[in-house]
Amino acid sequence: MKLQSVRVREFQSIQDSNEFEIGDITCLVGKNEAGKTAILQALYRLNPIIETEGNYDVTDDYPRAYVEDYQQDIETRKRKPATVVTAKFSLDPKEVAEIENEFGSGILVNPEFTYSKSYENQRFFNLNVNEIIGIRSLIEKAELPTRLSSSLLKATRLEELKEVLQSKSTPENADHLKRLNSELSKIGNKSLDQYIFETYIVAHIPRFMYFDEYYQMTGRENLDALIKRNNENKLQKSDYPLLGLLELARITFNEVLNPTRTQELVNKLEGASNHLSRKILKYWSQNKHIELRFDVRPARPQDPEGMTNGTNIWARVYDSKHKVSTLLGSRSRGFVWFFSFLAWFDKQQKANEPLILLLDEPGLFLHGKAQEDLLLYIEEELKDKHQVIYTTHSPFMVDARKFERVRIVQDKEMDTTEDLPEEERGTKVLNDVLEATDDSLFPLQGALGYEIYQTLFVGPNNLVVEGVSDLMVLQTISALLDRLGKTSLSPKWTITPVGGTDKVPTFVAILRSQKGMTTATLIDIQAKDRQLIENLYKKKLLKKQNVITYADFLGRGEADLEDMFGDEFYLQLVNKEYEASLQKPITVDDIKNGHPRLLVRLAEYFEHNPMKGNITFSHYRPARYFVDCIGVLENHLPQTTIENFDKVFSTLNKLLR
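For the record, in the sequence shown the residue sitting at position 2 is 2 according to UniProt numbering, with numbers rising by one throughout.
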C-alpha cells in the first residue's frame with residue numbers, strides 16, 4: 001500500500017493546502033514559518049504510532065483568525081465539522097488480489113481509497129466498489145440452482161440482494177441458500193465497501209512516525225521517573241528513543257530497578273548502542289572515531305534536580321581519537337539526532353507494521369556535508385522499505401538530481417499586508433514550481449547552484465537543453481558550422497543540460513530569478529509535453545521567443561534533436577554504432593510508420609526486432625559516435641541539416657544582450 005496524495009484543510013496556518021502528490025521520498029521545501037510542520041502534524045495525527053497523539057483540537061489547531069466564526073457555525077449547525085486531512089492510498093497487487101479472490105475480478109472500481117479525519121476525531125473512508133460484481137461472485141460461490149440464482153442475480157445492491165433472498169427463504173430452499181446466508185452473515189449490516197475496507201484494508205494502512213528535534217535523547221535520565229511516566233501514559237518526547245534503546249538491549253523495567261545488576265545493564269546498553277552506532281557511522285563522514293558509553297548507578301545527592309532518588313542512567317560520547325568523553329546532550333546535536341532517531345525507529349520496525357516516516361527538519365543541526373550523508377541514508381536505507389516525507393529550508397537537503405521529489409510550501413500572507421482572495425490565504429503546497437515565490441525557491445536555488453558549481457554548467461547566458469548528448473552534439477555541430485563559415489553558436493552561451501524535459505521548468509524557474517541572466521531553451525517537444533513547455537512563457541518565466549524547440553525549425557508539431565539529422569543520416573549513425581548488435585542494418589523503409597519523431601519509430605522497430613545480447617537502444621550512443629567520428633561524417637552531413645542548425649544558432653544568438 002502506498003500513500004499517493006495528501007490534502008490538509010483548516011489546520012493551524014492552513015486553509016487549504018491543495019492536494020499534493022507523495023512519492024517514495026517527498027521533500028517539503030519552504031522558508032521558516034511557511035507551514036511545513038503543520039502539514040506533517042496534520043498528517044501524523046491521521047494514523048499515528050502513538051495513539052494518544054492522534055487528536056485534533058479546535059481551540060489549539062483551528063486557524064486562530066477564524067476559530068470563533070467556525071465554532072459559532074458548528075453550534076448553529078450551519079456547517080459540519082471540518083475534515084482536517086484527506087489521504088489517498090493505492091493498494092498493491094497482492095492486496096487487490098486478496099479482495100478479488102473473495103468478491104471477483106473488478107470488484108474495485110480502482111485500486112485506490114481515501115482516508116480522512118475531522119475535528120470530531122473520527123476517521124472515515126471512501127472506497128469505490130462495483131456491487132454488481134460482488135453480488136455475482138457471492139451467488140456464483142454459493143452454487144445455487146438456476147431457478148434461484150437467476151432471480152438473485154437481478155439485484156444491483158447488497159440490500160436489494162438481501163430482500164430478494166428473504167423472499168426466497170423457504171424450507172425447500174434452505175439447504176441451497178445456506179452458504180450464501182453464511183457469507184452475508186459475515187457482512188452483517190455493513191455496506192459492501194465498509195466490509196471490504198474493514199476486513200481487508202484498514203489493518204494494512206501505514207502508521208505515521210513523526211520525528212523532530214524534541215524526540216532527542218537528553219543524555220541523562222532518572223529511570224524510576226521514566227517508568228512512572230510510562231505507567232501513567234505521560235511520556236515525554238525525549239523518552240521514546242531511550243525506551244527504544246532499552247528494548248533493543250532487551251532490558252526490562254525490573255532489570256532497570258535491580259541495583260545489583262548495573263554492570264550487566266551497562267554491557268547490554270553499550271552492545272545495543274554499538275549496533276546503532278555502526279549503522280550511523282556507515283553514513284556519518286564527520287568523525288568515524290566516536291562511540292556511546294553508558295553509566296547506570298544509584299542516584300546521589302549532588303545529581304541534578306529530579307535525579308536525586310532511585311537509579312540514573314548517563315550517556316556519554318567517547319572520541320577514541322582524541323581520548324575525550326562528553327555528555328551526550330552537550331555535543332554534536334546532529335549525531336544525537338541521528339542516534340535518537342535510529343533508537344526510536346528500530347523499535348517501530350520491530351512492530352512489523354507498515355510505516356510512513358515524517359521527518360521535520362531532519363538536518364537542522366548538521367552542516368552541509370553531513371546533510372548530504374543524511375540524504376544518502378534516506379535514499380539507501382529507508383526509501384525501499386518506507387515512504388519518507390521530510391521538511392527542510394536547507395539547500396543541502398534538496399537533491400538537485402531529483403527535483404521531482406520537491407513540493408514547495410509557501411504562505412503568501414507572510415509577505416504582504418494586503419488582503420488576499422480566500423483561495424490564496426494560508427499555507428499552500430505546490431506541485432508546480434512555476435507558481436512558487438522567489439523566497440520559497442531559495443533552497444532549490446541553493447541546491448541547483450551547488451550542483452551546477454560541481455559541473456560548471458552555468459553562466460550569464462544559459463541555454464537549457466535536455467541532456468549531455470544534446471550538449472555534445474550542439475558543440476560539435478557549432479564547431480563544424482564555424483569551419484564552414486556558417487553561423488555557429490555564440491561562445492557567450494553556456495549549454496546547461498538538465499536531465500529531461502520534465503526538469504526544464506524547475507531549472508528555468510531557478511535560473512530566471514538570477515538578475516542579469518539570459519536564459520533560453522532548445523529542447524525536444526512531443527504532444528504530452530506541449531502544455532508544460534508552453535507554460536514556460538504563458539506563466540511568464542521566459543519570453544515566448546526564448547522558448548525554442550527543434551520542431552520550430554522542422555515545420556512539424558513534434559521533434560527531437562535526432563530529427564534535425566534526417567532519417568537516412570541518423571540511421572547511418574545507428575547502424576555504425578550498433579553494427580555488432582543489429583540483426584541487419586536498418587533502412588528508412590523499416591521505420592515508416594507515420595509518426596513525426598524518428599526516435600518513436602525506432603523504438604517500435606526495436607520492439608519487434610530486438611538487438612542481440614539484450615542490448616537496448618540509447619540515443620546517447622549514436623550521439624557519441626557522431627562526435628567521435630565527425631572528421632569522417634561531416635562530408636556526408638545533409639545540407640538541410642547544416643541549414644537548419646544555421647537557423648537555430650542565428651535565432652539563439654539574437655537573444656543575447
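Every residue, glycine too, gets a C-beta built ideally from N, C-alpha and C.
For the 8 Å Cβ check, are there 3 or more pairs between the segment 243 to 259 and the segment 298 to 311?
yes
Rounded straight-line distance, which links the Cα of F124 to that of D224
40 Å
Backbone secondary structure at Q349 - three-state DSSP:
helix
For M209, does the three-state DSSP call read helix, strand or coil?
strand
Over what stretch of residues does the beta strand (DSSP E) that includes E291 continue unbroken?
290 to 298
When the Cα of L522 is compared with those of N535, D560, K540, which residue comes out closest?
D560
Where do the ends of the alpha helix (DSSP H) carrying D61 lie?
58 to 61
So, is C27 buried or exposed, given that buried needs 16 or more other C-beta atoms within 10 angstroms?
buried
Terminal residues of the continuous alpha helix (DSSP H) containing L599?
598 to 608
Cβ neighbour criterion (16 or more within 10 Å) applied to P63:
buried
Check for me: the alpha helix (DSSP H) holding A479 runs from which residue to which?
468 to 483
How would you label L484, buried or exposed, when you count the other beta carbons within 10 angstroms and need 16 or more for buried?
exposed
R24 in three-state terms, based on DSSP:
In the sequence as displayed, the identity of residue 24 is Asp instead of Arg. Coil at D24, not helix or strand.
Straight-line CA distance for N546 to T518?
9 Å
Is DSSP giving V648 helix, strand or coil here?
helix
With a threshold of 6 Å on Cβ separation, who are the neighbours of N653 within its own chain once the five nearest residues in sequence on each side are excluded?
S490
Would you decide whether G613 is buried or exposed? Buried here means 16 or more other CB atoms lie within 10 Å of its CB.
exposed
Pair within 8 Å by beta-carbon distance, V406 and S17
no
So the alpha helix (DSSP H) S618 belongs to, where does it begin and stop?
Per DSSP, S618 belongs to no alpha helix (DSSP H) and is neither H nor E.
Once the 5 residues before and after G106 are set aside, which same chain residues still bring their CB inside 8 Å of it?
E100, N130, I133
Option in P298, P304, D319, T156 with minimal Cα separation from L292:
D319
Going by DSSP in three states, D16 sits in which element: helix, strand or coil?
strand
Taking the runs of the beta strand (DSSP E) that are 3 residues or longer, which of them lie wholly in the segment 494 to 536?
494 to 497, 518 to 523
Please list, in chain order, all residues of the same chain as T37 whose beta carbon is under 7 Å from its beta carbon, the five residues on each side excluded.
D360, T391
Three-state class that DSSP yields for Q454 in the structure shown
Bear in mind that the predicted position of Q454 carries a pLDDT of just 45, short of 50, making it unreliable; the figure below should be weighed with that in mind. DSSP places Q454 in helix when its eight states are reduced to three.
With burial defined as no fewer than 16 other Cβ atoms inside 10 Å of the residue's Cβ, what is the status of P395: buried or exposed?
buried
For Q387: DSSP bridge partner residues
I356
So, using beta-carbon positions, are A272 and L235 closer together than 8 Å?
no
DSSP three-state label for V398, please.
coil
Kindly indicate which three-state DSSP category K412 falls into: helix, strand or coil?
helix
Tell me which residue opens and which closes the alpha helix (DSSP H) that Y570 is part of.
567 to 577
When DSSP labels each residue in this structure, what does I586 get in the three-state scheme?
coil
Is the segment 140 to 157 touching the segment 206 to 213, taking contact as three or more C-beta pairs under 8 Å?
no
Is it buried or exposed, V8, if we count other Cβ atoms within 10 angstroms and call 16 or more buried?
buried
Going straight from the alpha carbon of Y578 to that of F606, what length do you get?
12 Å
Could you tell me if K544 is buried or exposed, where buried requires 16 or more neighbouring beta carbons within 10 angstroms of its beta carbon?
exposed
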